[in-house]
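Participant: So the number in our numbering is just where the residue sits in the sequence shown, counting from 1, plus 8.
Idealized CB from N, CA, C, for every residue including glycine.
Handing you a structure now.
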Amino acid sequence: MQYATSRNTLFCSQLRFKIPRVLLITLAAWSLGLAVSPAQTAPTPAKKHPDITQIDHIVFLLRENRTFDNLFGLFPGADGATEATISTGAVIPLGHTPDQMTRDIGHSGQASDVGVDGGKMDAFDLVNSGQDRAANLNGDYLGLSEYSEEDIPNYYAYANYFLLGDRMFSSVHYSSFPAHLFAVAATTDGVIDIPRSPLYPNGQGNDNKWGCDAPPSYAARQVNAKGIIAAHFPCYDFTTLVDSLNSAGITWKYYAPPEGMAGYIFSVLDAIKHIRETPMWQENVVPDTQFASDAASGNLPQVSWLVTGEDYNTDHPPFSICGGENWVVNQINALMQGPLWGSTALFLTWDDFGGFYDHVPPPYIDPSGLGIRAPLLVISPYAIGGTVSHSQYEFASILKFIETRYGIPPLTQRDQNANDLTDAFNFAQTPLEPLVLQERTCPLMASSNYFGPYAVGFSSPNANVRLLNNRRVPLTIDSITTTGDYVAKNTCKKTLAPQELCNIPVHFHPTQLGSRPGTLVVTDSDDTSPQTMNLLGLGSAVRLTPMELGFAPTPVNSPLVKTVTLKNIGQTVLTINSIVTNRDYTETDNCTPQVAAGASCVISITFTPSQDGPRPGVITITDSDPASPQTVNFAGTGTWITLSETSLVFAAQKVGTSSKPQTVEITSDGNPLLIGNIRASGDFSETENCPASLALGKSCKIQVTFKPTQKGARTGTLTINNNDANSPHTVALSGTGD
């Protein structure tokens, strides 16, 4: 195992005498302003021949959406970062992540691939799933930010006392659903994203279900061994570790939010048919709220998974990291104060990158992973305390530890080859005593928000400032006011119940050029009142329209042109120094070096995708304006497939009779385009001459026929599964039964 220098050893050697560990940790916690309770239970005595069998309770605690650099990039002795290279080649300092953010950040598998950029780790500023999910919005670089010890003192306390791993990687470069599948099975069975409904293409909609009892319209994309991507109902039947535990007679529970509660989507065994539809579901899948009581009373099984659901408990942006940390402390305190501490190993990690920067390229193991680096905390009496491990781990390592402990065979090649994490333990050491920490009083809203440059006299889009009553008593709001060039709308109820959230829309309306500071002030019944957020924007004489530019799916290596208009709304001449694009974008313009007051020029942007999938980019304009540089983000998608039609409409047809066929032609923009299953749904059928592999520039035809089964409007879908990153492709079908 590769370790950084033990901070405890270094500290003691400098003082030249031995300090008892309990006193050392008490002093360390005192320096952080934390309260450490004395041990409540005696640790299990070391065996004469200590080994892994001293561990008989294993907990896999899986959190949400953080990278190592975001949480522990400033941790002493760890491989962290304080700056990042972005897509323009510039190197910027990592900013400070607020306790609560004004938005979530795109964190799909495709977003992860954008940031990693083939291992260059230089495009996290381009991670973007729309205006409200951009890693960089108006120059705030929110996704390129990190916390300090002051922000997450209890996570730091665990890392200081126990073991922190800085080479832990998510097992997949995808999002939460496949990551959670991997955490129970060492495979995703090809699943590459979250289940979605056609009614809610950008998320799960109003249904908090991702598994076998998801609404019938839901599907998750899966890729097969040939690379063909198809969408399937998210109910599977592959083998998981719980099947192995059952065979070996090892007790287990999966602690997760129950149906009807927030976070039920994270109860991933709901997606395993032979668990969801058998007594295991009732007997072994239990509410996450039960974990603390089971731990405190000594009723934990030998193996536990623990996930939670309420956003303010999960660490999931944009909610409070303090609130998430408090929930973890509550669970671990219950474990440490219960009778099982002496025989327990708890592994705490985070499921995906959440849109945040990390500087370490994920190693390639297979097409699924590895994904972006996540923190790992190994919390156990036998963890090698006070050290940072540089050994490479992944989720399969935790499964491998369980398999090693109980003599269970591996599930897949991934857990067979994974580091089994035993190098994070010293089973012969004097067991570490419990570290019982206090929950913190969390801020009710973030302390600052950056609006970036905006044209003087115009209003920015609203930023939703989150006011969360994370207290145990109701919060009465007396007033919401702003200063400076900012306007807030009070949409909050007079009284917020405990854990109730209110979004306060705030927009920036600059009245002058340059820096325009202001504040948002919420006066309320809390002891910390008033809550004050510092606001900062830049007034600009440059107006760019549009401020974001989206391109329709475009064949690889084919150009598509759109324009951006630059207008000098100032009173003086604007000097333009440079206009630069990057990635798959080039520009031409009619802008002169000197743009007169009130004058405009046009910048033509050509998007030529170099490969399939999301192809983001940015234009940077450097000029004499106080808010320089100005930027416009580009969102484009490359595709290997062109469809001649995106919808087919059939004339009225007598019930029971067939229409004349209509044609959809497929053209390959890749070499080759692999074509899988083609099917039509509803009262529609198809025939086609498409080969399994379609060479660059070649075409094939699909004939669609309508045969209504009843009168009235009839709809269906033509689905074409292929190896393009955007697969499956669909054509809407409609007709009328007569």
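Could you compute how far the alpha carbon of Thr536 sits from the alpha carbon of Pro203?
Facilitator: Stepping through the sequence shown from its first residue, residue 536 is reached at position 528. Stepping through the sequence shown from its first residue, residue 203 is reached at position 195. C-alpha separation (whole angstroms): 41 Å.
Participant: Can you tell which of Leu682, Phe403, Ala604, Gly644 has the C-alpha that lies nearest to the C-alpha of Asp428?
Facilitator: Working through the sequence shown from its first residue, we reach residue 428 at position 420. Nearest option by C-alpha distance: Phe403.
Participant: When you compare each of Ala119, Met109, Pro601 to Ile587 by their alpha carbons, which one comes out closest?
Facilitator: Start at 1 with the first residue of the sequence shown, and residue 587 comes out as number 579. The shortest Cα separation from Ile587 among Ala119, Met109, Pro601 belongs to Pro601.
Participant: Confirm, please, whether the CB-CB distance from Gln638 to Leu656 is below 7 Å.
Facilitator: Numbered from 1 along the sequence shown, position 648 holds the residue referred to as residue 656. Numbered from 1 along the sequence shown, position 630 holds the residue referred to as residue 638. No.
Participant: Below 8 Å on the Cβ atoms is my guess for Lys575 versus Ile613; work out the distance and round it to an integer in Å.
Facilitator: For the purposes of this step, residue 575 is identified with residue 567 of the sequence shown, where counting begins at 1. For the purposes of this step, residue 613 is identified with residue 605 of the sequence shown, where counting begins at 1. The pair is not a contact, with the Cβ atoms about 17 Å apart (cut-off 8 Å).
Participant: What is the rounded straight-line gap between the Cα of Asp513 and the Cα of Ala92?
Facilitator: Counting from one through the sequence shown, the residue named residue 513 turns up at place 505. Counting from one through the sequence shown, the residue named residue 92 turns up at place 84. The residue you asked about is not Asp; residue 513 is Pro in the sequence shown. One C-alpha to the other measures close to 31 Å.
Participant: List the residues that DSSP assigns as beta-bridge partners of Tyr462.
Facilitator: Looking up residue 462 in the sequence shown gives position 454. In the DSSP output, where bridge partners are listed per residue, Tyr462 has Gly547.
Participant: Tell me Ala496's beta-bridge partners as DSSP assigns them.
Facilitator: In the sequence shown, the residue the question calls residue 496 occupies position 488. The partner list for Ala496 (beta bridge, DSSP) reads Val514.
Participant: What separation, rounded to the nearest whole angstrom, lies between the Cα atoms of Thr352 and Ile66?
Facilitator: Walking along the sequence shown from the start, residue 352 turns up at place 344. Walking along the sequence shown from the start, residue 66 turns up at place 58. Cα-Cα distance, rounded: 6 Å.
Participant: Start and end of the beta strand (DSSP E) containing Ala353?
Facilitator: Start at 1 with the first residue of the sequence shown, and residue 353 comes out as number 345. 352-358 is the extent of the beta strand (DSSP E) around Ala353.
Participant: Would DSSP call Thr259 helix, strand or coil?
Facilitator: Counted from its first residue, the sequence shown places residue 259 at position 251. Reduced to three states, the DSSP call for Thr259 is coil.
Participant: Between Leu253, Arg623, Met129, which has its C-alpha nearest Met288's C-alpha?
Facilitator: Looking up residue 288 in the sequence shown gives position 280. Closest option to Met288, Cα to Cα, is Leu253.
Participant: From which residue to which residue does the beta strand (DSSP E) around Lys709 run?
Facilitator: The residue labelled residue 709 in the question sits at position 701 within the sequence shown. Per DSSP, Lys709 belongs to the beta strand (DSSP E) from 707-714.
Participant: Could you give the C-beta distance for Thr647 and Asp691, rounded to a whole number, given that I count them as a contact under 8 Å?
Facilitator: Numbered from 1 along the sequence shown, position 639 holds the residue referred to as residue 647. Numbered from 1 along the sequence shown, position 683 holds the residue referred to as residue 691. 29 Å between Cβ atoms; not a contact.
Participant: Please look up how many angstroms separate the CB atoms of Leu277 and Val192, rounded, as I've assumed it's under 8 Å.
Facilitator: Reading the sequence shown from its first residue, position 269 is the one you call residue 277. Reading the sequence shown from its first residue, position 184 is the one you call residue 192. Sure, about 7 Å apart at Cβ, within 8 Å.
Participant: What is the rounded straight-line gap between the Cα of Tyr494 and the Cα of Lys706?
Facilitator: Looking up residue 494 in the sequence shown gives position 486. Looking up residue 706 in the sequence shown gives position 698. If you take the alpha carbons of Tyr494 and Lys706, they lie about 56 Å apart.
Participant: What runs of the beta strand (DSSP E), each 3 residues or longer, lie entirely inside the segment 186-238?
Facilitator: Secondary structure in the segment 186-238: the beta strand (DSSP E) runs of 3 residues or longer, each lying completely within the stretch, are 228-231 in chain order.
Participant: With distances taken from CA atoms, which of Asn168, Cys500, Gly492, Leu79 is nearest Leu543?
Facilitator: On the sequence shown, position 535 is the one that residue 543 refers to. Among Asn168, Cys500, Gly492, Leu79, the Cα nearest to that of Leu543 belongs to Gly492.
Participant: Check this for me: beta carbons of Asp760 and Cys243, under 7 Å apart or not?
Facilitator: Summary: the structure shown does not reach residue 760, with the chain confined to residues 9 through 746, and so no result is reported for it.
Participant: Assess contact between the segment 452-465 and the segment 341-356, defined as three or more Cβ pairs (one per stretch) separated by less than 8 Å. Is contact present?
Facilitator: no
Participant: Is Asp77 near Gly88, with beta carbons less than 7 Å apart?
Facilitator: Counting from 1 along the sequence shown, the entry for residue 77 is found at position 69. Counting from 1 along the sequence shown, the entry for residue 88 is found at position 80. Yes, the pair counts as a contact, with Cβ atoms nearer than the cut-off.
Participant: Determine the burial state of Leu42: buried for a count of at least 16 other Cβ atoms within 10 Å of its Cβ, exposed for fewer.
Facilitator: Here residue 42 refers to the residue found at position 34 of the sequence shown. Note on Leu42: pLDDT 42, under 50, position unreliable in the model; no value is reported.
Participant: Rank Gln424, Gln339, Ala279 by C-alpha distance to the C-alpha of Ser305 and give the top, closest one.
Facilitator: If you number the sequence shown from 1, residue 305 lands on position 297. Of the candidates Gln424, Gln339, Ala279, the one whose C-alpha sits nearest the C-alpha of Ser305 is Gln339.
Participant: For the beta strand (DSSP E) that contains Ile410, what are its first and last residues?
Facilitator: Residue mapping note: residue 410 aligns to position 402 of the sequence shown, counting from 1. No beta strand (DSSP E) contains Ile410, which is instead part of the alpha helix (DSSP H) from 403-414.
Participant: Give me the residue from Asn685, Pro206, Gly547 with the minimum Cα distance to Glu577.
Facilitator: Your numbering for residue 577 matches position 569 in the sequence shown. For the record, residue 577 in the displayed sequence is Ile; it is not Glu. Among Asn685, Pro206, Gly547, the Cα nearest to that of Ile577 belongs to Gly547.
Participant: Would you say Asn685 and Asn729 are within 7 Å of each other, going by their C-beta atoms?
Facilitator: Against the sequence shown, residue 685 aligns to sequence position 677. Against the sequence shown, residue 729 aligns to sequence position 721. Yes. Within cutoff.
Participant: If I'm right that Tyr182 touches Asn216 with Cβ under 8 Å, what's the distance once you round it to whole angstroms?
Facilitator: Taking the first residue of the sequence shown as 1, we reach residue 182 at position 174. Taking the first residue of the sequence shown as 1, we reach residue 216 at position 208. Actually they do not touch by this definition, with Cβ atoms about 20 Å apart.
Participant: Where does His282 sit, in a helix, a strand or coil, going by DSSP?
Facilitator: In the sequence shown, residue 282 corresponds to position 274, counting from 1. Three-state DSSP puts His282 in a helix.
Participant: Report the three-state DSSP secondary structure of Cys698 (helix, strand or coil).
Facilitator: Counting from 1 along the sequence shown, the entry for residue 698 is found at position 690. Three-state result, Cys698: coil.
Participant: Could you tell me which of Thr580, Leu521, Pro680, Ser701 sits nearest to Pro813, measuring between CA atoms?
Facilitator: Any answer about residue 813 is impossible in this case: the structure gives the chain only from 9 up to 746.
Participant: How many angstroms separate the CA atom of Gly103 from the CA atom of Ala740?
Facilitator: Walking along the sequence shown from the start, residue 103 turns up at place 95. Walking along the sequence shown from the start, residue 740 turns up at place 732. Whole-angstrom Cα-Cα distance: 45 Å.
Participant: Does the pairing of the segment 137-150 with the segment 370-378 give three or more beta-carbon distances under 8 Å?
Facilitator: Under the Cβ criterion (8 Å, minimum of three pairs), the segment 137-150 does not count as touching the segment 370-378.
Participant: So for Trp648, helix, strand or coil by DSSP?
Facilitator: On the sequence shown, position 640 is the one that residue 648 refers to. Correct three-state label for Trp648: coil.
Participant: Note down the Cα distance separating Asn731 from Ile237, rounded to an integer number of angstroms.
Facilitator: By 1-based counting over the sequence shown, the position of residue 731 is 723. By 1-based counting over the sequence shown, the position of residue 237 is 229. Each residue's alpha carbon lies about 6 Å from the other.
Participant: Within 10 angstroms of the Cβ of Leu32, are there 16 or more other Cβ atoms? Answer buried if so, exposed if not.
Facilitator: Here residue 32 refers to the residue found at position 24 of the sequence shown. Caution is warranted here: a pLDDT of 38 is assigned to Leu32, below 50, making its placement in the model unreliable, and the coordinate value is therefore given only provisionally. Classification for Leu32: buried.
Participant: With three or more C-beta pairs closer than 8 Å as the rule, is the segment 382-400 touching the segment 93-101?
Facilitator: Counting Cβ pairs under 8 Å, fewer than three are found: no touch.
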